[in-house]
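>
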Amino acid sequence: MFALVDGNNFYVSCERVFNPLLEGHPVIVLSNNDGCVISRSQEAKQIGFKMAEPAFKRKELIEKHGVAVFSSNYTLYGDMSNRMMRTLEQFSPEVEVYSIDEAFLNLQGICTNLLDYGHNIRATILKNLGLPVGVGIAKTKTLAKIANKMAKKYSGVFVIDSERRLDWALRNTPIEDVWGIGRQYTKLLAKNGVKTAFDFSLLDSNWVKQHMSVVGLRTREELRGVSCMSIETVAKAKRNIATTRAFGKKLSNFTLISEAVSNYAVRCAEKLRKQNSIARFVTIFIHTDPFNPSEQYIYKSITVTMPEPSSSNTEIVKAALAGLEKIFIPNLRYKKAGVIVSDITTEQFVQGNLFESANREKIKQITAVTDKLNGIFGRDMVRLAAQGFSNDWKLKQEKLSPCYTTRWEELPKVKA
DNA sequence: TCTGGGGTCCTAGGACCC
DNA sequence: TCTGGGGTCCTAGGACCC
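Right, dumping it as structure tokens:
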């Protein structure tokens with residue numbers, strides 16, 4: 153049996169933990185740059201806020217209902233997520249962290265009363281962290297996902313443990329709510345008369361394979377109670393790593409854009425080092441505003457191959473800037489840029505270069521020292537000149553809450 | 001004025017190998 | 001009538017997830 157534990161309105165709930173007055177009020181959290189609505193409290197959903205809707209389009213709604221608005225605070229959410237995952241480890245030796253607010257647990261042979269166990273998980277997370285979660289339990293991951301949806305609708309925990317419950321759950325799950333069925337497949341399936349998970353589970357397997365590949369076939373099997381996906385407890389090393397951001401405002405100045413790109417490149421290099429990887433390719437892209445009909449939309453990208461795979465700040469920044477120079481067109485108003493590193497391998501497999509100098513060793517030492525210094529004194533305390541000090545390209549975050557759990561200066565104060 | 005930022009997997013087809 | 005029979009690697013595109 154698998155359990156899926158999923159935070160309710162996770163980002164909103166994280167904000168509420170440290171700001172209990174928000175309880176019962178409509179709250180929304182915005183994406184980077186305060187762009188779209190990406191987390192909504194129950195009250196906000198009822199008022200009519202939709203997922204991923206641009207916030208500026210709902211200004212009246214925000215004002216009319218006195219909605220509490222927050223910029224994304226990933227430092228806070230990431231830390232709360234870690235605490236949640238650590239807590240879940242008490243309940244199973246096999247925990248798969250599936251996303252920032254979700255985890256699968258293998259419950260095979262762990263308990264006799266699954267419903268009680270689910271409620272115990274829920275109560276523990278609520279007590280220890282102040283976060284409400286839903287717990288869905290079933291024979292396959294896909295069914296656990298469905299059970300989780302049911303849990304959130306009803307009492308917080310839902311177990312699919314009989315044919316009768318399975319049948320009921322499948323008949324009451326619209327096809328577009330099934331894990332692995334997105335917009336395109338929903339359209340295709342609707343054309344073929346499939347409206348619910350139940351309908352899909354009855355489809356001919358050859359038809360499914362032909363139209364939806366083995367991925368769709370797995371989903372069909374999982375809905376019928378045949379487990380095709382196991383728990384993956386160790387996170388696999390990423391095969392692509394990206395840092396891409398819209399600028400706080402539109403930019404034309406090459407120097408400013410190159411500072412932004414340098415910083416994104418450094419973030420990529422850090423992520424590589426964190427998983428002990430190196431990359432050979434550095435892709436960089438820039439584009440203008442895709443939403444403004446009065447301006448021509450221009451998107452440019454290029455992939456630079458580094459002489460040797462690397463995870464060093466200097467080398468990745470160098471490659472990224474070389475790419476930027478090639479694709480940059482003056483006098484355009486750019487809205488967004490990004491750096492992606494790929495062809496990633498583990499550091500130990502690095503192919504030695506015959507002509508390699510002592511340079512590599514030196515770069516490694518410098519990286520170790522700067523990482524250590526920045527670890528102690530804060531990100532970018534020691535930085536490349538190319539990263540600059542400008543704020544012009546930085547994110548808009550006008551409603552940022554404090555990093556309550558990760559910065560001494562921002563710890564909440566309690567009067568007792 | 002204002003529209004996010006990450007990722008994965010699968011398939012088909014072409015180039016190339018012996 | 002019959003035209004060898006395996007392979008691998010790469011890329012683009014399409015689907016999906018949170």
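Counted from 1, the first sequence has number 409 at position 257 by the numbering used here; the numbering is strictly sequential. We put the beta carbon where it would ideally sit given N, CA and C, even for glycine.
For R192, list the residues DSSP reports as bridge partners.
I180
> Can you tell me where the beta strand (DSSP E) holding K202 begins and where it ends?
Run containing K202: none; DSSP gives neither H nor E here.
> In three-state DSSP terms, what is V575?
The requested residue 575 does not occur in the structure, where the chain is confined to residues 153 to 568.
> Tell me the DSSP secondary structure of D495 in three-state form.
strand
> With DSSP as the reference, label K487 as helix, strand or coil.
strand
> Does the Cβ-Cβ distance between M364 and K293 come in under 8 Å?
For M364 and K293, no; Cβs fall outside 8 Å.
> Apart from the five residues just before and just after C263, which ones in its own chain have a Cβ nearer than 8 Å to its Cβ?
For C263, where only same-chain residues beyond five positions count, the Cβ hits under 8 Å are Y269.
> In angstroms, rounded to a whole number, what distance separates the CA positions of M203 and N358?
Computed Cα separation, rounded: 35 Å.
> Going by beta-carbon coordinates alone, are A196 and P178 separated by less than 8 Å?
yes
> Exposed or buried, what is V285 when buried is set at 16 or more other beta-carbons lying within 10 Å of its beta-carbon?
buried
> Looking at the structure shown, is P461 part of a helix, part of a strand, or coil, going by DSSP?
strand
> What did DSSP end up calling A389 once you bin it into helix, strand or coil?
coil
> Within a Cβ cutoff of 7 Å, which residues of the same chain sit near L340, ignoring the five residues on either side of it in sequence?
For L340, where only same-chain residues beyond five positions count, the Cβ hits under 7 Å are H363.
> So which of N171, L278, Y229 and E205 has the shortest CA-CA distance to T239?
Taking only the C-alpha atoms, the option nearest T239 is L278.
> What residues are listed by DSSP as bridge partners for H439?
Y451 and K488
> Kindly identify the DSSP beta-bridge partner or partners of R370.
The bridge partners DSSP lists for R370 come to none.
> What would DSSP say about L259, mapped onto helix, strand or coil?
coil
> What alpha helix (DSSP H) runs, 4 residues minimum, are completely inside the region 303–379?
315–323, 335–343, 349–353 and 357–375
> On the criterion of 16 or more Cβ atoms from any shown chain inside 10 Å, does I298 qualify as buried, or is it exposed?
By the neighbour-count rule (16 or more Cβ atoms within 10 Å), I298 is buried.
> Determine the contact status of L281 and R235, defining contact as a CB-CB distance below 8 Å.
Yes, they are a contact pair.
> Confirm, please, whether the CB-CB distance from C420 to V493 is below 8 Å.
Yes; because the gap between Cβ atoms is below 8 Å, this pair is in contact.
> Compute the distance between the beta-carbons of L552 and N160, then report whether it is under 8 Å.
No, the pair does not count as a contact, with Cβ atoms beyond the cut-off.
> Residue range of the alpha helix (DSSP H) that I528 falls in?
N511 to F529
> Could you check where the beta strand (DSSP E) with S251 kicks off and where it finishes?
V247 to S251
> For the region 473–490 against the region 437–450, do three or more pairs of beta-carbon atoms, one drawn from each stretch, fall closer than 8 Å, so that the two count as touching?
Yes, the region 473–490 touches the region 437–450.
> Using only CA atoms, which one of L403, F433, T519 and L525 lies nearest to P482?
Checking every option, the nearest Cα to that of P482 belongs to L403.
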